[in-house]
Amino acid sequence: MNDRLLAFITSLFLCFTSFSSLANEIDSLKTRHDVNKFITDRLSSRWNGILLECKALPSDFDPNKFDPSLDTEDLFYKADLDGNGLTDLIVCGVRKFAITDEGEGKYVPHFIDTYCMDEMKKLVNIIYKPSGTWLVLQRYAGDFVPDAKPDTLVYKYGQMLELNRSPDHFDIQYVSFKATACYGACPSFEMQINPNGFVSYEGNGNAQIGFKRAYLDSVETDDLFNTLNYVNVTKLRDSYTIQITDMPTYTIEVVFRDGRSKRISDYGGCAPLAIQILFEDMFTIARKNEWVRDER
Numbered sequence: 001m002n003d004r005l006l007a008f009i010t011s012l013f014l015c016f017t018s019f020s021s022l023a024n025e026i027d028s029l030k031t032r033h034d035v036n037k038f039i040t041d042r043l044s045s046r047w048n049g050i051l052l053e054c055k056a057l058p059s060d061f062d063p064n065k066f067d068p069s070l071d072t073e074d075l076f077y078k079a080d081l082d083g084n085g086l087t088d089l090i091v092c093g094v095r096k097f098a099i100t101d102e103g104e105g106k107y108v109p110h111f112i113d114t115y116c117m118d119e120m121k122k123l124v125n126i127i128y129k130p131s132g133t134w135l136v137l138q139r140y141a142g143d144f145v146p147d148a149k150p151d152t153l154v155y156k157y158g159q160m161l162e163l164n165r166s167p168d169h170f171d172i173q174y175v176s177f178k179a180t181a182c183y184g185a186c187p188s189f190e191m192q193i194n195p196n197g198f199v200s201y202e203g204n205g206n207a208q209i210g211f212k213r214a215y216l217d218s219v220e221t222d223d224l225f226n227t228l229n230y231v232n233v234t235k236l237r238d239s240y241t242i243q244i245t246d247m248p249t250y251t252i253e254v255v256f257r258d259g260r261s262k263r264i265s266d267y268g269g270c271a272p273l274a275i276q277i278l279f280e281d282m283f284t285i286a287r288k289n290e291w292v293r294d295e296r
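Residue numbering for the sequence shown follows the working numbering, beginning at 1 and increasing consecutively.
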């Protein structure tokens, strides 16, 4: 065997073993202990403490039938959600979330349900499509509600979003976000983000204080504005609220270049999942360390 052939075979072997070690980490999770340890080791502390049980997984999912006796709480599932060939993890604990494996040891968590106790959901189906994997969640409020329309989630723009076959194509001038204070230590701040990635920020209480500015990278900026069009913000309600006290209010406003605007406020965490994901994105941006002080 000549040296070139040997070097080629060696490089193939190294690539295969490297890919296998990445692909098999989620594949190797078998028990509740495995999943909890994975969450603790790979994610930040806010995702820890999820209690799971290792139960037999149903093999006969049917998207058109919702079985009230099907207990999908405290389970975990595996599927390739983002289409990159690596196995991702779906965790159905106290909160339901997915963890996508983006390669090279990078794992990204995504909520797949909302904070709202009035809109609790069960994962009732996983549908494998050529275009990607769909997660079907059925809403229930205390008792199972099989007649309610289920939500189908797909991976789009770095997030798990409600499936939308007719996204908007608005020319957005900017998006702004405001988080108010609450009875506790809720961060209070405002931000405005332009399509070129420029972010202006004003922090008040329990947040970085003062005026600051930064630039998002092109991928983060494109994902944000594509998401705003994908979720049809103009068709959503102006306000979401529940009867509870001492909570913060989150408000997002999208201003279009044709002069129109759309403002959505949420008190109590009952806005649709996509809006809550956008809220979470805003908090992630607000925690950035690349801020430059804006002297005013």
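We treat Cβ as the ideally placed atom computed from N, Cα and C, and that holds for glycine. For clarity, every value in this text was computed on a predicted model and none was experimentally measured.
Original post:
Do residue 192 and residue 218 have their CB atoms nearer than 8 angstroms?
Top reply: no
**OP:** Would you identify the three-state DSSP class for residue 54, choosing helix, strand or coil?
**Re:** Residue placement at residue 54 is poorly supported in this model, since its pLDDT is 37, which falls under 50; the coordinates still yield a value, given next. The answer is coil: DSSP assigns residue 54 none of H, G, I, E or B.
Subject >> Beta-carbon proximity list for residue 136, same chain, < 6 angstroms, skipping 5 on both sides >> reply: 63, 124, 125, 150 and 152
Original post:
Could you check where the beta strand (DSSP E) with residue 101 kicks off and where it finishes?
Top reply: 96-101
Subject >> Contact set for residue 233: own chain, Cβ-Cβ below 6 angstroms, skip 5 residues either direction >> reply: 254 and 262
Original post:
Can you tell me whether DSSP reads residue 294 as helix, strand or coil?
Top reply: coil
Subject >> Identified DSSP bridge partners for residue 162 >> reply: 153
**OP:** Report yes or no: do three or more beta-carbon pairs, one from the region 220-231 and one from the region 263-280, lie closer than 8 angstroms?
**Re:** yes
Original post:
Going by Cα to Cα distance, which pick from 199, 205 and 220 is closest to residue 212?
Top reply: 199
Subject >> Where the alpha helix (DSSP H) through residue 218 begins and ends >> reply: 218-230
Original post:
Can residue 89 and residue 106 be called in contact, C-beta distance under 8 angstroms?
Top reply: no
**OP:** Taking all protein chains shown into account, decide if residue 292 is buried (16 or more other Cβ within 10 angstroms of its Cβ) or exposed.
**Re:** exposed
Original post:
Which of helix, strand or coil does DSSP assign to residue 170?
Top reply: coil
Original post:
Near residue 163, which residues of its chain fall below 6 angstroms by C-beta distance, leaving aside the five closest residues on each side in sequence?
Top reply: 152 and 154
Original post:
What did DSSP end up calling residue 25 once you bin it into helix, strand or coil?
Top reply: helix
**OP:** Could you tell me how far apart the beta carbons of residue 80 and residue 133 are, in whole angstroms, since I believe they sit closer than 8 angstroms?
**Re:** 6 angstroms
Subject >> Nonlocal neighbours in the same chain, by C-beta distance under 6 angstroms from residue 43, ignoring five residues either side >> reply: 109
**OP:** Quick one: grab the DSSP three-state call for residue 181.
**Re:** coil
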